[in-house]
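Residue numbers for the sequence shown, in mature numbering (1 follows the signal peptide of the UniProt record, and there is no 0): -32 to -1, 1 to 449.
We put the beta carbon where it would ideally sit given N, CA and C, even for glycine.
Data first, discussion second: the structure below is written as structure tokens.
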Amino acid sequence: MQRRRRRSAVLALGLAASLLVPTSVAPSPAAAATPGSKKVIVQLFEWNWTSVANECTTVLGPKGYGYVQVSPPQEHVTGNPWWLAYQPVSYRIESRKGTRAQFQSMVNTCHTAGVKVIVDAVVNHMSGQDNGGTGWAGTTYGHYNYPGNYGSQDFHYCGRNGNNDIVNYNDRYEVQNCELVNLADLKTESDYVRTKLAGYLNDLLSLGVDGFRLDASKHMPAADIAAIKSKLSRSAYIVQEVIWGAGEPIQPTEYTGNGDVHEFRYGKDLARMFNSERLAYLKNFGESWGYLPGGQAVVFTDNHDTQRDGGVLTYRDRGEYALANAFMLAWPYGTPAVMSSFTYSNRDQGPPSDAGNRTLNTTCYSGWECEHRWRVIANMVAFNNATQGAAVANWYDNGWQHIAFSRAGKGYLTINDEDFAITGRSYYTGLPAGRYCDVIHGDFSNGSCSGPVITVDGSGWFAANVNAHDAVAIHVGAKLP
Ligand code: ARE
Ligand code: CA
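Below, the structure is given as structure tokens:
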């Protein structure tokens, strides 16, 4: 059953939107953070290394993010679109985002701030340029010729569809041996190619990198990835990009033996619950929806592809987006990855860059959205950290768009996505009695709260009004003395 859309109500009231979105956390000097239980990943899409380093110190560390996922660092083809990063020319760590020295310094700075670094690694293919050219760092290349790395014998030529391109995702062979959008497809079954790829990844490990997001994993047999992984010089976190597709023969579950896998259904389903179905259905969100095992799933509201392709909530949805992220960060299924975007008006548009296409430093007020700094999102990271390991308890829903639950003994979230305020009711949290900061509307620091304080009584209840399209969240990490 479709429920009514209430975008207009949000605009008319202007209430939740104004409460939830425009406020961002101010960068502050880092206190040395403790790594360990911090799981939350933030994807700083297309940020340059200097800006990532700065963000680790001033925001990611202090706010409790565990990992930063950075865009591909290797030499790429030249031009302006963001997706040039996905067309490797060589494995030199030299790109529009910065030099090897800047990359190294970024890794060190993030580690000092208690934040680990995941690199988006493009290993399935090289460039998609029929005529070759000169790469960002000056390497001359051809479509099937990358001096010092690969020659024509190192690529697949599947002989299908007239141009070797993938057309049919229902054909396993084609998906793994033809070209994804004309990108020269590496023979990942060859030991030579595997050794080269592992050489690249090992170079990154030598710079201190902690893990990899393996791009286009679906386009490589899981066994090929396992073989590359076995050549790594030390253990590294791995998350594989395998987009679940209805009826496709290649399933995300094939890849769990290698590490984590992105659960693409999560963001689409979550958007549907917010937009046209019911938050009440989220009561058993996760494995019982047919998803990957939670311990191996990385989940997100949107990523750099889905935010462009539609069917998910993005920064353009403002308050609704904040609420969806609050849910994701409070709910125990999977490892949450927060998206942080540059704003764009067409799909191909590159990040803010200079005349030579060098990526500019990030400014969170011009050209960059910085969702990860939105108060709701940034503060819910600490909620996630404080509630690790605690089960969902005390679920409540009104059958529609008002839900609430606790993370046993550690935290409590209620989301009201109705068009009307919910007033005059109390919530059973099971939390220890005390005064808690409502981290949806206020920041907790040095024992004080810049927003509303919620009082949990000796029986574990609190009373509060919740505006339309708004939320209240409290946790033991933001309890007033
Ligand atoms: C660009 C141009 C192309 C041109 C090519 C070569 O757009 O027209 O032919 O360059 O010159 C990104 C961009 C692409 C870009 C590419 C290379 O999105 O536009 O091509 O970089 O610069 C499939 C894959 C999945 C992939 C998505 C996009 O399975 O792995 O397509 N996602 C990753 C990254 C992308 C990146 C690449 C891979 C390539 O996240 O950002 O591409 O490195 C169904 C299937 C999915 C399929 C999906 C879309 O849902 O189930 O598996 O995803 O359709 O086709
Ligand atoms: Ca392939």
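Going by C-alpha distance, which of the options is nearest residue i?
i      : options                           : result
CYS126 : ILE134, PHE71 and ASP277          : ILE134
TRP104 : LYS199, GLU62 and ASP192          : GLU62
ASN150 : ASN129, ALA358, VAL344 and THR163 : ASN129
ALA248 : ILE383, MET296 and GLU337         : ILE383
ASP171 : ASN145, LEU154 and ARG202         : ARG202
GLU339 : GLY262, VAL27, HIS79 and GLN356   : VAL27
PRO49  : ASP438, ARG341 and PRO320         : PRO320
GLY279 : TRP342, GLY235 and SER256         : GLY235
Measure the Cβ-Cβ separation of residue i and residue j and say whether it is below 7 Å.
i      : j      : result
ALA372 : ILE408 : no
LEU399 : VAL421 : no
GLY32  : VAL229 : no
GLN55  : ILE9   : no
GLU222 : SER185 : no
LEU426 : SER418 : Here residue 426 is Gly; the residue named in the question, Leu, does not match the sequence. The answer is no: Cβ separation not under 7 Å.
TRP15  : THR224 : no
VAL87  : VAL20  : no
LYS164 : ASN92  : no
ALA294 : VAL344 : yes
HIS124 : ASN99  : no
HIS187 : LEU148 : yes
ASP122 : VAL161 : yes
My output table needs one value for residue i: the three-state DSSP class, helix, strand or coil.
i        : result
ALA(-24) : Its pLDDT being 37, under 50, ALA(-24) is placed unreliably in this model, and the value from its coordinates should be taken loosely. Three-state DSSP puts ALA(-24) in a helix.
GLY263   : helix
TRP429   : strand
CYS332   : coil
ASN129   : coil
THR224   : coil
TYR59    : coil
TYR160   : helix
LEU151   : coil
SER374   : strand
PRO304   : strand
LEU165   : helix
HIS437   : coil
CYS338   : coil
Using a 10 Å radius around the Cβ and a threshold of 16 neighbouring Cβ atoms, would you call residue i buried or exposed?
i      : result
PRO115 : exposed
LEU238 : buried
SER308 : buried
ARG246 : buried
PRO449 : exposed
ARG284 : exposed
THR397 : buried
THR156 : buried
TRP363 : exposed
SER58  : buried
For the putative contact between residue i and residue j, defined by C-beta atoms under 8 Å, what is the C-beta separation to the nearest angstrom?
i      : j      : result
GLY34  : ALA81  : With 8 Å as the limit, GLY34 and ALA81 do not qualify as a contact, their Cβ atoms being about 11 Å apart.
SER394 : TRP368 : Not a contact, Cβ separation roughly 19 Å.
PRO40  : VAL90  : 5 Å
ASN325 : ARG64  : 6 Å
LEU351 : HIS443 : It should be pointed out that residue 351 corresponds to Phe in this sequence rather than to Leu. Yes, PHE351 and HIS443 are in contact; Cβ-Cβ is about 5 Å, under 8 Å.
VAL266 : GLU231 : 7 Å
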